[in-house]
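Just so you know, our numbering puts the end of the sequence shown at 1557, numbered straight through with nothing missing. Everything below concerns the one structure shown next.
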Amino acid sequence: MRKQAVCLLSFLRTRQLNGTCTSSVDMELFLHYSLIPSLFIILILSFLQRREYRRQRDDTSYLLGNRFGIIMFAVTVLQVSQCPHGQFVGKYETLVFYWPSLLCLAFLLGRFLYMFVKALRVHLGWELQVEEKPVLEAHQAEHVKQLLRTPRPQEEKKSWFQTRIYEWDPCFQFPSRMIGTIVLAFICLYLFIVIEFCMFVYVRDELDMFENKLESYINSMNHSGILTPGILQVKQLISVTEGVWVATILPASLTCVSYLFHILVCYRKHIKRLWAGDKHFLPLKFHNPASSESVVAIARYSGWQIAYILWGYLIIHVVQSLCGMAIMYGLVLPIVHKQGLEMLRGLGIGILTISIVVGLMILQMWIATSFFLQPKLGAADKQKPLALNNRKAFHNFSYFLFFYNVLLGLGACLSRLLISCFLGMWLIARIDRTIMQSGYEGADMGFSAWIGMLYVDHYHTNPVLVSFCHILITDHRERKLQQTTKYWCLNQSAGPRVSARSRTRWLLLQTLIKNPRLVMLRKSKLGHSSQESQILMTCSES
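Take a look at the structure:
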């Protein structure tokens, strides 16, 4: 009673503390009115978006590369600082909810400042303009080089982490979509766990009030009422359920977190298999998916992955809680209530029954191997051939074990159902593998989204294909440059061949025409700067 009174007093004190806190910022109203400037900003960004193929040559006055961003960071901080406490978590509840948002806003703010400073340095001429992202990235080129090299035996010893858990591949880079999906999944999982804990605190408070009423009823009846045993069992059930639910929060969350990391590992493994032309790990229905289905799948994947993780956490938490309840009522509570001998007797009977069933199954296998199969054809064979021996004895063996196998089949059928349900609930968050039986994989929409996403990334990021396109683009540019140089030298008397110096000076002239600010950075010689400026003015006017 004293402990419950202290808990109730602290709870009422927390409620009173948070009830008197009024923030000067209505967060819900602020979020609604934020839609107006957000729409305005999106329109501005749409008009300021750089067009790669329609920009003017002498347009060098743009700032931030026609890419602009506005971040609002301060209202959230104000709301958190004014009312940091809450009714469920207690102290610093608002910070517990909003720190992922604050972290993301801080990252965006830092990224914006970095882009602003870098673009400003380029605009002032302190730093050269960074070229556009190349078609063939460095890690893709290294992957193709490894394919062309002769494989050598690896002399370096791998660590335990590389052998058992994960081995880093420098020639593979995860796309930003996968990284963003996993980060959002982490944030959503964290918020989901916090909300679930708040709901648990609310339900626990209601159950505490219900227990107080039951206890007052027992005290009024002096523990002699008819409903007293049932009330005590209900109180025990509530107490055990609360303890098991809190204890299983950590393993359920760790399971889902491990799934998120495992999804990245499976993505790399599946993509590299597709790059190698290996589709054996996929069901036959998914060897040639429709293009429209793959495009829709890659749009669905991120949202579905997060939703599967959240549902998976809840279902896994429920399953682990049920398992914990079974352990508590089957092993712990009998010992607490001094019924350990009865518990051990029941446990022994169960273990003996399972041992007899498993022993008879092993005995059947041994008899079949020893007496009902013909000898090995060769001494190097691992097992006997599938050829019956002692057929009459085998028929008698099948007849006398028929009735036992019927009873065994009943248990096997139930175990099949229970194992399927358990694995399905345990792997519900794994979108990278199907929980359907063979032939029914198409009904698993999450797995279909995973396969479609893999095919889109496979067709658009295959290093061999990207390298081939890079070679074609480079060859096309070189041919175009050769044609331009040849047309410029038609009226020259230097002969059909062009010297390297002339070609370099021609390229220098083109570069200076496109980037007039580079003239100021060149080493000036007597009379050269004025001549170059006159040539550039003439070329720009023409």
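From the three backbone atoms N, C-alpha and C, an ideal C-beta is built for every residue, glycine too. In this text the structure is predicted, and so the values were computed from the model without any measurement.
Residue i lies in the alpha helix (DSSP H); which residues open and close that run?
i, result
"Asp-1293", "Premise fails: Asp-1293 is in no alpha helix (DSSP H) and is neither H nor E."
"Leu-1388", "Leu-1388 -> no alpha helix (DSSP H), and no H or E assigned at all."
"Tyr-1414", "1406-1415"
"Gly-1245", "1243-1262"
"Leu-1348", "1348-1351"
Should residue i go down as buried or exposed, given a rule of 16 or more other Cβ atoms within 10 Å for buried?
i, result
"Trp-1319", "buried"
"Pro-1478", "buried"
"Met-1224", "exposed"
"Glu-1456", "buried"
"Leu-1378", "exposed"
"Ala-1509", "Bear in mind that a pLDDT of 46 at Ala-1509, under 50, signals an unreliable position, so the model cannot answer this."
"Thr-1165", "exposed"
"Trp-1326", "exposed"
"Ala-1312", "buried"
"Gly-1195", "exposed"
"His-1475", "exposed"
"Thr-1526", "exposed"
"Gly-1361", "exposed"
"Val-1481", "buried"
"Leu-1356", "exposed"
Smallest Cα separation from residue i: which of the options?
i, options, result
"Cys-1338", "Leu-1325, Ala-1383, Leu-1401, Ala-1267", "Ala-1267"
"Pro-1390", "Lys-1148, His-1410, Ala-1402", "Ala-1402"
"Tyr-1470", "Ser-1336, Ala-1322, Asn-1303", "Asn-1303"
"Phe-1201", "Tyr-1129, Ser-1435, Arg-1136, Tyr-1274", "Tyr-1274"
"Met-1343", "Leu-1367, Val-1255, Ile-1246, Glu-1456", "Val-1255"
"Arg-1406", "Ala-1383, Leu-1392, Asp-1396", "Ala-1383"
"Thr-1270", "Ala-1444, Leu-1496, Lys-1353", "Ala-1444"
"Trp-1465", "Leu-1128, Val-1259, Ser-1317", "Ser-1317"
"Val-1373", "Ala-1427, Ser-1385, Ser-1116", "Ala-1427"
"Leu-1265", "Leu-1151, Glu-1230, Phe-1212", "Phe-1212"
"Val-1159", "Val-1132, Asn-1227, Asp-1220, Trp-1290", "Trp-1290"
"Met-1376", "Ala-1341, Leu-1416, Ala-1314", "Leu-1416"
"Phe-1276", "Leu-1247, Lys-1300, Ile-1197", "Ile-1197"
"Leu-1433", "Ile-1488, Val-1334, His-1491", "Val-1334"
Tell me the rounded alpha-carbon separation between residue i and residue j.
i, j, result
"Met-1535", "Phe-1483", "39 Å"
"Gly-1467", "Trp-1175", "34 Å"
"Tyr-1113", "Lys-1284", "35 Å"
"Ile-1180", "Ile-1233", "56 Å"
"Arg-1537", "Leu-1523", "11 Å"
"Asp-1459", "Ala-1305", "16 Å"
"Ser-1121", "Leu-1139", "It should be noted that the sequence gives Ala, not Ser, for residue 1121. Approximately 27 Å between the Cα atoms of the pair."
"Arg-1136", "Pro-1149", "22 Å"
"Phe-1418", "Lys-1173", "54 Å"
"His-1485", "Leu-1206", "44 Å"
"Ala-1408", "Ile-1369", "28 Å"
"Cys-1281", "Asp-1447", "7 Å"
"Leu-1252", "Leu-1423", "35 Å"
"Gln-1497", "Arg-1192", "40 Å"
"Val-1261", "Gln-1155", "47 Å"
"Glu-1142", "Ala-1134", "9 Å"
"Met-1440", "Ile-1286", "27 Å"
"Arg-1431", "Leu-1425", "10 Å"
"Phe-1189", "Val-1272", "18 Å"
"Lys-1353", "Gly-1345", "13 Å"
"Leu-1117", "Leu-1124", "10 Å"
"Ile-1350", "Tyr-1323", "39 Å"
"Ile-1364", "Ile-1371", "11 Å"
"Glu-1226", "Leu-1367", "41 Å"
"Val-1421", "Tyr-1414", "12 Å"
"Leu-1297", "Glu-1182", "23 Å"
"Leu-1247", "Met-1358", "21 Å"
"Thr-1243", "Arg-1315", "55 Å"
With hydrogens ignored, establish whether the beta-carbon of residue i is closer than 7 Å to any heavy atom of the ligand ADP.
i, result
"Ile-1210", "This structure simply doesn't include the ligand ADP, nor any ligand for that matter."
Residue ranges of each alpha helix (DSSP H) run of no fewer than 4 residues wholly in the stretch 1131-1214, ordered along the chain? Taking only runs of at least 4 residues, the alpha helix (DSSP H) segments lying wholly in the stretch 1131-1214 are 1153-1163, 1175-1179.
Within the stretch 1433-1506, note down every full alpha helix (DSSP H) run reaching 4 residues or more, in order along the chain. Those alpha helix (DSSP H) runs which fall completely within the stretch 1433-1506 and span 4+ residues are 1460-1476, 1478-1503.
Pick out the complete beta strand (DSSP E) segments inside the stretch 1297-1342, 3 residues or longer, and give them in chain order. None, since the stretch 1297-1342 contains no complete beta strand (DSSP E) of that length.
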